[in-house]
Structure formats: structure tokens, C-alpha cells
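Structure first, commentary second.
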Amino acid sequence: MLEFELSAGQQQLREGIRSIGKSVIRPMSLGWDKNKEIPEDFLRNFYSMSKSLQGAENPMADYNEGPKEKSNKPRSTNRTAAVGAEELAWADASIMLSLPGPGLGGPPVRASGTPEQKERFFSIFRDMSDQLRWGAYGLTEPGAGSDVKAIRTTCRKDGDDYILNGRKCYITNGGRAAWVVIFATVDASQGRAGQRAFVVEQGTPGFFVGKIEDKLGLRANETAELVLEDCRVPAANLLGGEEKYQSKEGFMTAMKTFDNTRPLVAAMACGIGKAAYEYARDFVKDNYMLGRPIPRYAALAERLARISRRLEAARILVWKAVWMADHGKPNAKEASMAKALAGQAAISACIDAIEICGAHGTLSEDHALLEKWFRDIKVYDIFEGTGQIQRIVISKRLMTNLRGF
Amino acid sequence: MISFEPTEDQRLIQETVGELAKTTLAPRAREFEAAREVADDVQQVIGEMGLALAAVPEAHGGQELGLLTAVLINEGLSRGDSATPFGLHGFGPYVWAAQELASSDQLTDLLTPLAAGKPGGAVAWSEVKARKDRAAFVTTASKSGDGYTLSGSKCFVGGVAAADRFIVFADVEGEATDAPWSGSGAFVVKRDAPGLKLGKRHETLGLACADFGRLELDGVDVNEADRLRGGDDFVAATLRFFARYSLTVAARQVGLCKSSFDITRDYCDIREAFGKPIGHFQAVAFTLADRHMDAESAGELCRRAAWAWDARKPFETCLAYTAQAVAHAHEAAMRCGDDAVQLHGGAGFMRDVIVEKMMRDAKQTALVGMTAEQMDQVAALVACRAKLTPELVLPTPDAQAILT
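Taken in sequence, the protein lines are chains A and B.
Each residue of the first sequence is one higher than the one before, starting from 27 at the first, in the numbering used here.
Each residue of the second sequence is one higher than the one before, starting from 955 at the first, in the numbering used here.
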């Protein structure tokens, strides 16, 4: 049956996050942003609260603890995660990205890891009461981001180990991660076939954290450079084991990650867009008489409505993409559509919200949150594949025999 | 729980309608356009399937399948030909106006001919001239004895030629207060009523197989029993009628989006330039990707709005979802029609290819029922919890006349 309603649990989750967002996160949000502070105390409290609130029903459990036993029943994991991600991004997108857990590193381990690897790498997140832990995903390099085939970090077998050399950049939570999924190549000339994914653990000899970036937005979240210098990684950390790489599987590992994470990133964009939209709406409500048919107000009303419906159009594609993921349907195209539309819609929402608030909108003392969201949102049309990359992904699934541009 | 899977029944209807659209409507679209009507045999086939009354309660001769199913039907038919649904008996606003405005007894009377396969009625809303002295219809209903006498000129009335009766909106004598559009009323007028005259059929940009025309009322007498009161809130009932009807129109825009996209995608797949299919150039492929996003998002927003009505969500929720779906679908259809012509290049401008017709149909469809501009006003008012006053939420003839 076609249905567009959250389950009772999802509604509870949304309301819970919104209430914490309103009373705790937003009042602190500007300070964290200004000082580039990742608030570990808050994250610890948030973690223990969500753990005790949700218990075994914790909707993020799959994301933190890895998959449970296989069942043929469709799961609601992705849908629930999208609801949670949107709402937490509504409160503060930096905090959403700074949440402890495997993060973007989770999906490739879940999709390609051996049972032993899944157990080993997910188990550290099962109970973080003593210490918060993060995972990360290391694909982008100084010379290759969107063009995944062009990565140059090398790996070569040496006894029971692999030796990795190269640099990774723009890695979310990279500096604090307990492990990072690192993509490297045995032979760059082989393209996809030459690629391998490793789980590199913090403290591995030859594995260093480089520069921590200073950014336009999402400042309360760490973006790090990672350096691998003759980094010795045990073969047991080659994701999926060696036989997995007889085919193109290595590259597909990188891509599968995106099918699961793009809709979530799109959901976050919707959350920031919604925050800006609600802000502008309340500003209009408090400062204008909308009930009166004065043409100037009609233009404002139309503008508000336009922001809102573009966000709705994006959200409905997000929901469709996560619904497909929950049902095991291939959703690469839909995931990219959600991401492409949400990034754009949310950026427009933030720009328009500032314009609606007038000159005040650009003054950080008057509408500081709005100014922050405007800075935060831009990267949502860039990371996890730029808007242009999303359109390439979509195009390849629309046209016959389109291999590349 | 969020789900995008239609029920088994809905899927069956989608398949049947899809087959009809593909094998009958698409190949005959130009024929209907030239004839300026939908052929009788097609009217009959679709009439027998009972598609027009899919959302009408069984007690009144319908199938009681809900607005969502109606939305799927409209989208499916329009995928074959974007104009045909406007030329089909029973697919106009009449059924929707009757359901919201009529009492149960009146409704049986209004829908019985349709259920029996007759053409049904039309809605006369827009006016030739705007009123200067106050916000109200120019067409008047003056009290006479136990009934009313209607006088005025109506225009942009869809399905006027075949209609056996009309729902006419008018300013009722002595009922207006200070509020704009207060004192408005709706009346059922039979086609053979003395004083009622059909005017000229409009020559239109698109939707050629649908007729839109004028209606002249020169002292037409109706009874009190012919007045449709819309329960206890006439404005709310009228708004409900427009919203629900406009959603089926939006679904047709979605059908247009999807078919124009399909045709254009196929063209870009085979048309070669510079040694490869034009779809293998980013400028072309990205445009297609954008239109695909338009079509898919508009389609799902329409389904969500219809679902909200069927699930009896609060009026404001239904209204907001509908407004968003309709406004988005109208814009999406215009972009899809435009880009379909654009990507076909010179060929798109020629009548050999159907996309030029789609572009014209898309523009005209955007003026049937409530427009994107009006829907945006509605959505903003709901979002700001402002009062839904008629001059702001109804497509009042003085602001932006619409086709009904």
C-alpha cells in the first residue's frame, strides 16, 4: 500500500531529537561553530540518552553494531535513519556528522566485510559508555575525489601484510577514528580492477593524521588529512578477503557505500533546508500580515511556498530511495536523484531565507543561526558526490550504453 | 510506515489503464486533436470501465476506490495522451464539485446520468468580466418567489458542448456581508432551462480535443432545491472541490512529464551528432536527469497528497500537500514539455513529433483548476496558520481566471 506516514517509533524518534535539538543543541550550536569545538561531553550525554531511551529498539543499532541475523522481512533501518538524520541536521548538521559510531565507514564493512571482520570492526561500537569511538571512510585524495578510478594511494603485498603509501584528504572524523576504510590500488593502470579497500586502525605504524581543515561550514565537525607512509596493514584487514578482488568488486565496494549513504546525506540537507525555511516562515509570520491581500505579501507567500515544496519534492525522493534500500531493491539512481535534488533545494532554501529576512539575514548578530546554516549547507551539493556527479550516475542509468562522458 | 508500493488492485488498474493509453490513446492523439474531440468508441470503452467515477462512493454509482486510485488513473491516461483526459466524459470538475457541494440526495440526482454512461455536467466558474464595486461574481442570483433567477456570462467552461447540466457559481442577492466573496452560491441549471444559451467554443493553445466555451444566462429560473450549499461551510467545501479536482489535473501533468521524458530520452538515445548519441553529451544527459527528477518527484508528491485525503488527515495537511503537489507538477510539466521540444531540436518544432503538442498541452493544463500561483498562496497561508479567506484561497475570477 502506498503510505506516507512515519511509524509511531519514527515519530517518537523525530520528536525526541527535535526536543533535544531545540532545548540543548541549538543554544550551544553557535559557540561550537565559532570555536570549531567537537563537544564530546554533549555527544557522550546524547549517546547514553539515546541508548537508554531506545534500548534494544535503537533505530541506529544496525548502523552502529552491524547487521543482525539475516531475515527476508523488509527492514525499516534506512527509513528510520533518514528520519533521524534529517531531524538532527535540523538541530545542527555538524553534530549529526560528529556522532560516534562507524559513520561512513560502516556501509562498506557491512557490504563487503567477512563475518570475522564485521564482528571485529563493529563490536567496538556496541558499548561506548566508557569511551566514544568513530569510524571513517577514506577515499578522496588531493588529486582524486569525484573520479574514484584516479586514486593513487598504493598498496603492495609484503608477506602477511600490505604496505600502503599515499595521502587521503577531507576525511570526516578522520583524526579521531578508531579505524578508517582506506581505498588503495595495486596498479593504477588497472582502474577499478586494481583497487583494494582496507580497514586501517588507529595506531598502525606509518598511519598519521595530517592537517585538520578550517572550513566554511560544519565547523563543529572534524575534517582531516590522513597520511600513509609505508603503513603496514595486516592482510586480515583487507576488506572481504583476497578472493573478493578477482573481479571488479573492489570498486563496487566504494560505490555500494554511496547507495546507502547518499539518501542519508540528502536527508540531512533536507533538515538544514527545513531549519532555514521554518526560520523564514516564522519571521514572515511575526513581521507581516499574511492574511491581507497586499501584492507585496503575495510575492513573499509564493516564495515561502516555493522553498517548502522544493524541499518536499527532495524529501519524497529521499524516502523513496531509503524505502528501496530497506526492500533490497537496487537504488543507485534513486539515491543520486535524492542527493542531487536535496542539495539544490536546501541551498536555495538557505539563500531565500536570508533574502526574506532582508539585510538582517546577513548579520550574524541578528540571525546568527541562519547565517550558520547558509555556510553549513553548501557542502551538501559537494560531498558524497557533487551535484554533477549525481547527474552522471543518473544519466548512466537513463541512457543505453553510456559508459562515461 | 512509509511505502511506495501500490496495492494489488491499484497495480492492476495501472496496468489496464497503461495498456489502453499505449495502444489506443497515444496512437490516436493527433486524430483526436484534429477532430477536436475524443472519438465515441474511446469514450464508450472508458465509460464502461467506470474510470471517471473511481473515487465516487458506491452509493452514488461510483467504485469508491479513493482519490489515490483516481490520481493513478489520471496519470496513466495522460501518459498516452495529455489532452484526452480533458475531453473524456466525467473527467472534468463536475463530479468533484458535486461531491463536495451537493447534499446526498442532490448527489444521486447529479451523478446518476454519468453512472449510466451519459456525458454528465460542467462547472461554470470563471467570468467574462471582473466586478468593480466589490469582490463578488458578476453573475447574480436574485431571489424570485421560492427560487432564484440567474443572470450573467460565464467563460472557460470545460465540456460545455456535451453537458446535460451546469453547476453555476453566482453572487446571491442580499447574502453578502462586508467580507470579499461573501454571498457566493452554486446552482444546478439544466441544459434546456429557458434563458440558458451556449456561447462560442474557445480556440485554445492546447488540449484541442477538449471543448471550453461560454455560457450565457439570461434570467434563468432555478428552484431552492437546485442550490448546492456545501454543507455548513460553502467556502471550505468549494476549496475542497478545487483542491481535489486540481490534484487529478496535476496527476495528468505527471503523466505528461513522464511520457515527454520517455519520448525524449529514447530520441537522445538514437539521434547521433559528432559521432555519438546526443544523450552521451553532458549538457543533454544532465537536462534529461533533471527532468526525470521533476517527473518522479511530482508523481510521488501527487500520490502523497491523495493518500492524505484518503487517510482523512486534517484538512490543512491535505490542503498543504495538495498545494505543493499541484504547484510542483505544473512547473515540472512546463519544464518537461519545454525541454522535450528543445532536445528534439528543429524536429521538436514540427508537428511530425508529438512533443510540440505536449508543450502546448502543459501550458494550458496549468490553467485548469487551481494554478501554481494560487496553490502557493494556499500553502503559505496554511504554513503560517493564517486565515483561509476566500479572496486568498479561491481562484477568484478577478485575480486569475481559470479553465474549469
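Even for Gly, the Cβ is constructed at its ideal location relative to N, Cα and C.
Fair warning: this is a prediction, and the values are worked out from it, not measured in the lab.
- Think of a sphere of 7 Å around the beta carbon of E29(A): the chain B residues whose beta carbon falls inside it are M955, I956, S957, W1261, in chain order.
- For a cut-off of 8 Å, the C-beta gap from L1171(B) to G1106(B) is around 5 Å, short enough to register as a contact.
- A Cβ-Cβ separation of about 4 Å places C1163(B) in contact with G1041(B) under the 8 Å criterion.
- Any Cβ of chain A closer than 7 Å to the Cβ of E1254(B) would place that residue at the interface, and such an atom is present.
- The beta carbons of A1037(B) and L1019(B) sit about 24 Å from each other, so the pair does not count as a contact at 8 Å.
- Looking only at M27(A), D156(A), N104(A), the smallest Cα-Cα distance to Y73(A) is reached by D156(A).
- The segment 172-188 of chain A and the segment 136-149 of chain A do not touch, with fewer than 3 CB-CB distances between them shorter than 8 Å.
- Looking at V1208(B), M1324(B), A1281(B), A1279(B), the one whose alpha-carbon comes closest to that of M1312(B) is V1208(B).
- For a Cβ distance threshold of 7 Å, residue set G317 of chain A lies close to K1341(B), ordered along the chain.
- In the three-state reduction of the DSSP assignment, N313(A) falls in the helix class, which pools H, G and I.
- Under the criterion of beta carbons closer than 8 Å, N263(A) and F224(A) qualify as touching, at roughly 5 Å.
- Taking 7 Å as the cut-off, the beta carbon of R1219(B) is found closer than this to the beta carbon of L1242(B).
- Ranked by Cα distance from C1109(B), the options K1154(B), G1074(B), T977(B) are led by K1154(B).
- Ranking S1098(B), E1345(B), R1145(B) by CA distance to the CA of R1119(B) puts R1145(B) first.
- Counting only the Cα atoms, Y305(A) lies some 53 Å from E269(A).
- Here F209(A) is bridged, per DSSP, to A223(A).
- Proximity to C1211(B) across V1295(B), D994(B), A1260(B), L1159(B) peaks at V1295(B), based on C-alpha coordinates.
- Selection W399(A), P133(A), N104(A), A368(A) evaluated against S55(A) yields W399(A) as nearest (Cα-Cα).
- In terms of beta-carbon proximity, E328(A) lines the interface with chain B, with at least one pair separated by less than 7 Å.
- In this structure, the straight-line span from the alpha carbon of E66(A) to that of A204(A) is close to 15 Å.
- Per DSSP, reduced to three states, the secondary structure at W345(A) is helical.
- At a Cβ-Cβ threshold of 7 Å, L254(A) and G161(A) do not count as neighbours.
- Taking a Cβ-Cβ threshold of 8 Å, none of the residues of chain A is close to A1037(B); the smallest such distance is about 26 Å.
- Ranked by Cα distance from T230(A), the first of I208(A), R218(A), F68(A), A293(A) is I208(A).
- Per the DSSP secondary-structure output, T198(A) pairs in a beta bridge with T249(A).
- With a threshold of 16 other beta carbon atoms within 10 Å, F431(A) falls short and is exposed.
- The alpha helix (DSSP H) runs lying completely inside the segment 125-154 of chain A and spanning 4 residues or more are 132-138, 141-148, given in chain order.
- Boundaries of the alpha helix (DSSP H) around A1294(B): 1269-1298.
- Remark: C-beta atoms of L337(A) and V259(A) do not approach each other more closely than 7 Å.
- Taking 9 Å as the cut-off between beta carbons, none of the residues of the segment 982-1014 of chain B comes near chain A.
- Separation of I1027(B) and R984(B) (C-alpha to C-alpha, rounded to the nearest whole angstrom) is 21 Å.
- C-alpha of I298(A) to C-alpha of G1015(B): approximately 48 Å in a straight line.
- Per DSSP, reduced to three states, the secondary structure at E991(B) is coil, with no helix or strand assignment.
- Using a Cβ-Cβ cut-off of 7 Å, I420(A) is close to A1243, H1246 of chain B, given in chain order.
- Under the DSSP assignment, Y1102(B) falls in the beta strand (DSSP E) whose first and last residues are 1101-1112.
- Non-local beta-carbon contacts of A1052(B) in its own chain, meaning distances under 8 Å to residues more than five positions away in sequence, involve Q1060, L1061, L1064, L1065, G1075, I1121, L1182 in chain order.
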